[in-house]
Amino acid sequence: MEEILNPHVFFVFLGIPVTKTVVSTWVVMAFLVLLSFLLTRKMRPVPTRLQNVLELFVEAILHLVEEMSPGNGKRFLPLVGTLALFIGTSDVAGLVPWLKSPTSDFNTTLALALVVFFAVPFYGITIKGVRNYFRSYLSPSPILAPFHVISEITRTVSLALRLFGNIMGEEIIIAILFLLSPLFLPLPMMLFSIFTGIIQAYIFTVLSVVYLSAAVESSGH
Amino acid sequence: MIRIDRSIIFQIINFLALVFLLFRFLFKPVVKALDERSNRIRGEFEKIEEEKKTLEEERRRLEEELKNLKEKYLEMLDQANREAQKIKEAIIQEAYREAEKIKREYERRAKREIEQLLLELKEDIVDIAEEVAKRILKVHITPEVQTRIIEEMLEEAVSRLEAQLGGTYEG
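Chains A and B supply the protein sequences, listed in that same order. With full-length UniProt numbering, you'll find the first sequence wraps up at 221, consecutive numbering, no jumps. With full-length UniProt numbering, you'll find the second sequence wraps up at 171, consecutive numbering, no jumps.
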């Protein structure tokens with residue numbers, strides 16, 4: 001159980017511990033990058049079946065962003081698309097032997113939430129300008145400015161905790177079931193965890209898009 | 001217990017690196033392919049629209065040409081009708097003239113024949129008168145009888161003449 005909550009440290013690099021989660025993240029990253037490279041190596045005008053899947057995924061992300069923040073689909077695509085792919089893959093990575101689901105480590109989910117936290121003002125300032133972006137903090141009243149800041153911090157923490165809690169919870173349940181009956185009992189839960197992993201990736205992605213679109217919309221918060 | 005350690009720095013760097021790598025190897029090529037396809041489709045649509053417009057102009061031009069041809073055809077038909085009417089009238093006039101000429105010719109011939117007949121009749125009357133004279137001379141007759149015979153002869157000659165004249169006109 002301790003291993004699930006606090007992953008094993010393989011070595012320390014420049015004072016930063018390289019945990020099992022970090023190594024698993026590298027594996028997930030390598031898998032995603034390699035797959036992307038292989039699939040997009042020869043893009044055809046008439047798409048193949050795999051190219052169709054890729055295009056469907058990209059179009060779904062673009063559609064999701066365009067619905068909430070029209071005109072920003074391509075701008076948010078790298079961040080939002082990576083979030084969806086990384087979280088979705090990481091959630092199910094725990095099912096692979098010797099790997100630990102990176103999202104079952106709070107450090108990973110917090111890192112992702114922090115990226116979204118900083119991406120919000122980055123895109124807000126890029127699109128609206130510094131003055132317009134910070135003016136939105138004073139809307140509808142300057143008294144509410146501290147509450148806007150608190151809201152941004154809490155939603156970031158809740159984003160990280162929601163994903164971490166769900167994935168860690170599943171891993172704990174699977175570990176317990178594995179201890180009880182290693183053969184068949186964990187199997188339904190493992191299949192269910194694929195489903196919940198994708199759902200969690202979707203929730204995280206949608207919430208990130210909501211925060212980003214709120215930051216760039218002209219009427220402010 | 002949840003522990004936040006410095007591995008979070010690794011995770012942030014990892015994620016940002018992944019954003020860059022996926023942008024380079026996944027999103028950029030896919031978006032490019034999607035854009036190219038949509039541009040190609042848009043280009044095809046524009047081409048079709050252009051061709052549609054050209055065809056529409058061609059159709060309008062042909063319709064205009066057809067309309068002009070129809071007008072020209074009707075004009076030519078009208079002119080032909082007018083000329084035909086003129087020719088018809090000329091032919092009728094010519095036919096009337098010819099008929100008048102033929103009529104006049106026949107009238108002249110009839111007149112000439114009547115004159116001929118009258119001449120022949122006069123000769124006949126002379127012959128009959130001679131015959132009457134001969135008979136009177138042969139038989140003793142009273143003056144009354146003689147007068148009556150002459151009158152009968154004259155009546156007979158007149159009726160013959162009338163009969164002949166009537167037959168000529170009918171003929």
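Cβ atoms here follow ideal geometry from the backbone N, Cα and C, with glycine treated the same way. This structure is a prediction, so every number in the text was calculated from the model and none was measured.
Item	Value
Presumed contact (8 Å Cβ cut-off) between S7/B and V22/A, rounded CB distance	6 Å
Spatially closest choice to V116/A from V19/B, R108/B, E71/B, by CA coordinates	V19/B
I16/A - DSSP class collapsed to helix/strand/coil	strand
Coarse secondary structure for V9/A, derived from DSSP in three states	strand
Reduced DSSP secondary structure (H/G/I, E/B, other) of R97/A	Reading off the sequence, residue 97/A comes out as Pro, not Arg. Residue state, collapsed to three classes: coil.
is_contact[L212/A, chain B] using C-beta, thresh 8 Å	no
Three-state secondary structure (DSSP) of T142/B	coil
Neighbour flag for I2/B against chain A, beta carbons, 8 Å	yes
As assigned by DSSP and simplified to three states, the class of G129/A	coil
Per-residue contacts from I12/B into chain A (C-beta, under 7 Å)	A111, L114, V115
Cutoff 8 Å: T48/A Cβ touching any chain D Cβ	Absent from the structure: chain D. Protein chains present are A and B.
Any C-beta of chain B under 8 Å from that of G169/A	no
Within the region 60 to 114 of chain A, ranges of the alpha helix (DSSP H) (whole runs, at least 4 residues)	73 to 93
Touching by the beta-carbon criterion (3+ pairs, under 8 Å), the region 208 to 218 of chain A and the region 72 to 80 of chain A	yes
Chain-ordered residues of the region 28 to 39 of chain B with a beta carbon less than 8 Å from chain A	P29, V30, V31, K32, A33, L34, E36, R37
Alpha carbon of Y123/A to alpha carbon of V216/A, nearest angstrom	7 Å
Residues of its chain near L138/A, where Cβ-Cβ distance is below 6 Å and the 5 sequence neighbours each way are ignored	A145
Buried or exposed by the 16-neighbour rule on C-beta atoms within 10 Å, applied to F13/A	exposed
8 Å Cβ cutoff met for G108/A and F31/A	Here residue 108/A turns out to be Thr, not Gly, going by the sequence shown. In this structure, F31/A does not lie closer than 8 Å to T108/A by Cβ.
Check whether L163/A and Q200/A have beta carbons under 8 Å apart	yes
Distance between E66/A and I12/B (C-alpha atoms, nearest Å)	26 Å
Cβ pair count under 8 Å reaching 3, the region 39 to 53 of chain A against the region 27 to 34 of chain B	yes
Selection of the region 15 to 27 of chain B by Cβ proximity to chain A, strictly under 9 Å	F15, L16, A17, L18, V19, F20, L21, L22, F23, R24, F25, L26, F27
The alpha helix (DSSP H) enclosing V19/B, as first and last residue numbers	7 to 22
Whether S104/A touches I167/A by CB criterion (8 Å)	yes
Validate contact between the region 118 to 125 of chain B and the region 150 to 162 of chain B using beta carbons, cut 8 Å, 3 pairs	yes
Chain-order list of residues whose beta-carbon lies under 8 Å from that of P70/A (same chain, five-residue window excluded)	none
Pair within 8 Å by beta-carbon distance, G169/A and D91/A	no
Buried or exposed (CB count within 10 angstroms, at least 16 for buried), V120/A	buried
F25/B (DSSP reduced to helix, strand or coil)	helix
Anticipated Cβ contact below 8 Å, A113/A with L159/A, distance rounded	4 Å
Helix, strand or coil at P182/A [DSSP, three-state]	coil
Nearest-angstrom Cα separation, counted from A93/A out to L177/A	18 Å
Close-in-space but distant-in-sequence residues of the same chain around H8/A (CB under 6 Å, 5 per side omitted)	K20
Where S36/A meets chain B, residues with beta-carbon distance less than 8 Å	L21, L22, F25, L26
Test: K74/A CB closer than 8 Å to a CB of chain B	yes
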